[in-house]
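Sequence order for the protein chains is S and C. So for the first sequence, our numbering puts the first residue at 2; every next one is plus one. So for the second sequence, our numbering puts the first residue at 95; every next one is plus one. Backbone N, C-alpha and C define an ideal beta-carbon position, used for all residues, glycine too.
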Amino acid sequence: DMKVTQMPRYLIKRMGENVLLECGQDMSHETMYWYRQDPGLGLQLIYISYDVDSNSEGDIPKGYRVSRKKREHFSLILDSAKTNQTSVYFCASSAGQGTEVFFGKGTRLTVV
Amino acid sequence: GDSVTQTEGLVTLTKGLPVMLNCTYQTTYSPFLFWYVQHLNEAPKLLLKSSTDNKRTEHQGFYATLHKSSSSFHLQKSSVQLSDSALYFCALRGTGGYKVVFGSGTRLLVSP
């Protein structure tokens, strides 16, 4: 069963705390993504990973960093979370150029 | 850089009527275009994709034709159902790249 799994699904953090969002995929996809979704802004690309330890900034990388030490895992880290990072975060993966992007169910992060 | 424009933020229709959701794009590469559908509190899922100019692609009653001359990939359905109420995203991947860019999304609300 092709799946992208995100943990946790819901998270509430205080401003200034560190946040770790985790993502796994069971399809051996090389490429993985982190997007955030905000009303009226669609899905904005934070980071893209081409493979283990091969990561590249997306359109809105400021305030975020990523880690990919295994092909099947891709983590998003927020060092000292800010209230404007309250959002829904989606992890996704794809096999290659022109192929479908598979999304996880998302993590709803609230920073208070 | 690559970009996708969806002009309608919200479309409201009565069941049984036809719908067209607009999508235009900009890229310097040969494009792959996608439509994703996201139901409430779920992950976006692929609805359609195409890279072939002037060829209609269909799935689950929805259809779209990529027109490279006008940089468009509009989504259509001849008769909407209540279950079609969702958020629809148009997305673009330029050939040779791994980055997938999404439009801001169009919310379709179908009433009885």
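Residue pairing from DSSP places G25 of chain S in a beta bridge opposite S:T6, S:H74. Taking a cut-off of 8 Å on C-beta distances, the region 103 to 118 of chain C touches the region 195 to 205 of chain C, as three or more cross pairs fall below it.
Around the Cβ of V113 of chain S, a 10 Å sphere holds fewer than 16 other Cβ atoms; the residue is exposed. Distance from the Cα of C117 of chain C is smallest, within the candidate group C:F196, C:S205, C:K149, for C:F196. Among the CB atoms of chain C, none fall inside 7 Å of the CB of L77 of chain S. In the same chain as V20 of chain S, and ignoring 5 residues on each side of it, the C-beta atoms closer than 6 Å to its own belong to K14, L79, A82, in chain order. Of all C-beta pairs linking the region 122 to 135 of chain C to the region 173 to 181 of chain C, three or more are shorter than 8 Å, placing the two stretches in contact. Between L169 of chain C and the set C:K162, C:D147, C:S145, C:L141, the nearest pair of CA atoms involves C:L141. Under a 10 Å Cβ-count criterion, T84 of chain S is classified as exposed, with fewer than 16 other Cβ atoms of the shown protein chains found around its own Cβ. Sequence-distant Cβ neighbours of L46 of chain S in its own chain, meaning closer than 8 Å and more than five residues away, are Y34, W35, Y36, G59, D60, I61. Annotated as proximal: L186 of chain C and Y119 of chain C, with beta-carbon spacing under 7 Å. Considering only C:C184, C:V194, C:P138, the residue with the shortest C-alpha distance to G95 of chain C is C:V194.
Measuring C-alpha to C-alpha distances from S50 of chain S to each of S:G97, S:L42, S:R109 identifies S:G97 as the nearest.
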